[in-house]
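Student: Be aware that the sequence shown starts at 23, since it is given in our numbering, and climbs by one per residue.
Yeah, the Cβ is synthetic: ideal placement off N, Cα and C, and Gly gets one too.
Sharing a structure with you now.
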Amino acid sequence: MSLKSHEINLDITPITETFGAIISGVKLSNQMSQDELNQIKSYWNRYQILLFRDQDLSKEDIIGFSRELGDLEIHIRNEWLNDSHPEILQISNINVDGKPIGALADGEVGWHYDQIYLKRPALGSLLCSVKIPPEGGCTYFADMTTAYERLPLELKATIDGRLGIQSYENFNNLYSTKTDENQTSLTQKITQPLVRTHPVTGRRALYLCPGMTVGITGIPDDESDAILQQLFDWCLQDDFVYKHNWRLGDALLWDNACTMHRREPFDSVHERLMFRTTILPQAERAVPF
Ligand code: OGA
Ligand code: MN
């Protein structure tokens, strides 16, 4: 290690006993040092979600920092991309000229893994608060690594080597709006392993979510529904869940290989706007994990 990397020591405070950490003393930007970036990457792998408070980020900062973590995706929901910076997907209930400028409005958004319905799901996302309601709209995260590690052996055996059936349509019917013809053709049902191994840490995590996982291959629906329900109930125990109450200036980075999330509803009289970048996996981090 160079002398410089010893000098930079990001201040880190774990959030729960098993996952999540707040990193202080750093301003995310498009001009960060390699040492800062390396530390952040290693904490990201270790803690699964990282929270940076009191950020004052331009769109260039958000994109510049995110790009250091991997190539960025232009999300298929092109109706919600930022006009000038399409690397930013807007999550919002704001309407302009009668049209929503962002995804997910103000209702409940059930538990999901972003892009579990794609063959090469995103590595992670950075979500930055731009405008938040006075209450509600909290985002919850589940530590799917610990949930797997502590899973009863019998359930581990039941799902060992099994594939989950993933449906974006299911999620949209419940929590969002329908995709257009092109988006639909890109998001047909697929299968993914129910347990994935983290490409960097080697830790295994449950890869399933109530919002999108609709079946298990080779198991009849009524039986797989019951198994999935058992698994969902297991993951959603308080021990594995962190509730994030947003402040303005928060930026939250999650590892999409081992955490799922949900957003609670909020009063529609208030506006909420979040800027999100989506980080693509490098080839070696793509499925089959
Ligand atoms: C997302 C998401 C929830 C939120 O950006 O993928 O699910 O709280 N956001 O905005
Ligand atoms: Mn999401």
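Say the cut is 6 angstroms; is the CB of M166 nearer than that to a heavy atom of the ligand OGA?
Tutor: As a position in the sequence shown, residue 166 is number 144, starting the count at 1. M166 Cβ: outside cutoff for every heavy atom of the ligand OGA.
Student: Identify, in the order they occur along the chain, each residue of the same chain with its Cβ nearer than 6 angstroms to the Cβ of Q77, setting aside the five sequence neighbours on each side.
Tutor: Within the sequence shown, numbered from 1, the residue matching residue 77 stands at position 55. Around Q77: L50, G271 and A273.
Student: Are L185 and T213 close, meaning C-beta to C-beta below 7 angstroms?
Tutor: Walking along the sequence shown from the start, residue 185 turns up at place 163. Walking along the sequence shown from the start, residue 213 turns up at place 191. Their beta carbons are under 7 angstroms apart, which means L185 touches T213 by this criterion.
Student: For the stretch 295-303 against the stretch 111-119, do three or more pairs of beta-carbon atoms, one drawn from each stretch, fall closer than 8 angstroms, so that the two count as touching?
Tutor: Touching, yes, given that three or more Cβ pairs across the two stretches are closer than 8 angstroms.
Student: So, are the CB atoms of F163 and H283 less than 7 angstroms apart?
Tutor: Taking the first residue of the sequence shown as position 1, residue 163 is located at position 141. Taking the first residue of the sequence shown as position 1, residue 283 is located at position 261. Yes, Cβ-Cβ distance for F163 and H283 is below 7 angstroms.
Student: Is the stretch 246-263 in contact with the stretch 171-178, if contact means three or more CB pairs nearer than 8 angstroms?
Tutor: The stretch 246-263, when compared against the stretch 171-178, does touch it at the 8 angstroms Cβ threshold.
Student: Would you tell me roughly how many angstroms separate the C-alpha atoms of L230 and K211, rounded to the nearest one?
Tutor: Locating residue 230 in the sequence shown gives position 208, where the first residue counts as 1. Locating residue 211 in the sequence shown gives position 189, where the first residue counts as 1. Each residue's alpha carbon lies about 14 angstroms from the other.
Student: Leaving out five residues before and five after S27 in sequence, what residues of the same chain have Cβ atoms less than 6 angstroms from its Cβ?
Tutor: Reading the sequence shown from its first residue, position 5 is the one you call residue 27. Note that S27 scores 44 on pLDDT, short of 50, meaning its location in the model is unreliable; the coordinates nonetheless yield the value given after this. Counting only Cβ-Cβ distances below 6 angstroms, and skipping sequence neighbours, we find D57.
Student: Enumerate in chain order the residues of its own chain whose CB-to-CB distance from Y190 is below 6 angstroms, with the five nearest sequence positions on each side excluded.
Tutor: The residue labelled residue 190 in the question sits at position 168 within the sequence shown. So the qualifying residues of the chain are Y139 and T209.
Student: Taking Cβ positions, are L73 and M166 nearer each other than 7 angstroms?
Tutor: Translated into the one-based positions of the sequence shown, residue 73 becomes position 51. Translated into the one-based positions of the sequence shown, residue 166 becomes position 144. The answer is no: Cβ separation not under 7 angstroms.
Student: Which same chain residues, not among the five before or five after E90, have their C-beta less than 8 angstroms away from its C-beta?
Tutor: Here residue 90 refers to the residue found at position 68 when the sequence shown is read from its first residue. Same-chain partners within the cutoff: M54 and L59.
Student: Could you tell me which residues DSSP pairs with Y264 in its beta bridges?
Tutor: Reading the sequence shown from its first residue, position 242 is the one you call residue 264. BP columns for Y264 point to F163.
Student: Could you have a look at G146 and say whether DSSP puts it in helix, strand or coil?
Tutor: Position 124 of the sequence shown, counted from the first residue, corresponds to residue 146. DSSP places G146 in strand when its eight states are reduced to three.
Student: Can you say whether Q252 is buried or exposed, counting buried as having 16 or more other CB atoms within 10 angstroms of its CB?
Tutor: Your numbering for residue 252 matches position 230 in the sequence shown. Looking at its Cβ environment, which holds fewer than 16 other Cβ atoms inside 10 Å, Q252 is exposed.
Student: May I ask you to report which of helix, strand or coil DSSP gives S88?
Tutor: Mapped onto the sequence shown, residue 88 falls at position 66. It is helical.
Student: Heavy atom of the ligand OGA less than 6 angstroms from the Cβ of D136, yes or no?
Tutor: As a working note, residue 136 is residue 114 in the sequence shown. True, at least one ligand heavy atom lies under 6 angstroms from that Cβ.
Student: Cα separation between D33 and A169?
Tutor: In the sequence shown, counting from the first residue as 1, residue 33 sits at position 11. In the sequence shown, counting from the first residue as 1, residue 169 sits at position 147. C-alpha separation (whole angstroms): 27 angstroms.
Student: Is the beta carbon of M234 within less than 6 angstroms of some heavy atom of the ligand OGA?
Tutor: In the sequence shown, the residue the question calls residue 234 occupies position 212. Flag unset: Cβ of M234 not near the ligand OGA.
Student: Taking C-alpha atoms, which residue in S64, I62, S198 and Y69 lies nearest to A43?
Tutor: The residue labelled residue 43 in the question sits at position 21 within the sequence shown. Measuring from the Cα of A43, the nearest candidate turns out to be Y69.
Student: Taking DSSP as the reference, what is the three-state secondary structure of S189?
Tutor: Indexing the sequence shown from 1 puts residue 189 at position 167. Here S189 sits in coil by DSSP.
Student: Answer yes or no: the CB of L338 versus the heavy atoms of the ligand OGA, is any distance below 6 angstroms?
Tutor: Because the chain here runs from 23 to 311, residue 338 falls outside it and cannot be looked at.
Student: How about Q45 and G146: are their beta carbons less than 7 angstroms apart?
Tutor: For the purposes of this step, residue 45 is taken as residue 23 along the sequence shown, with counting starting at 1. For the purposes of this step, residue 146 is taken as residue 124 along the sequence shown, with counting starting at 1. First, the amino acid is wrong: residue 45 is Ile here, not Gln. Against a cut-off of 7 angstroms, the Cβ pair of G146 and I45 comes out as no contact.
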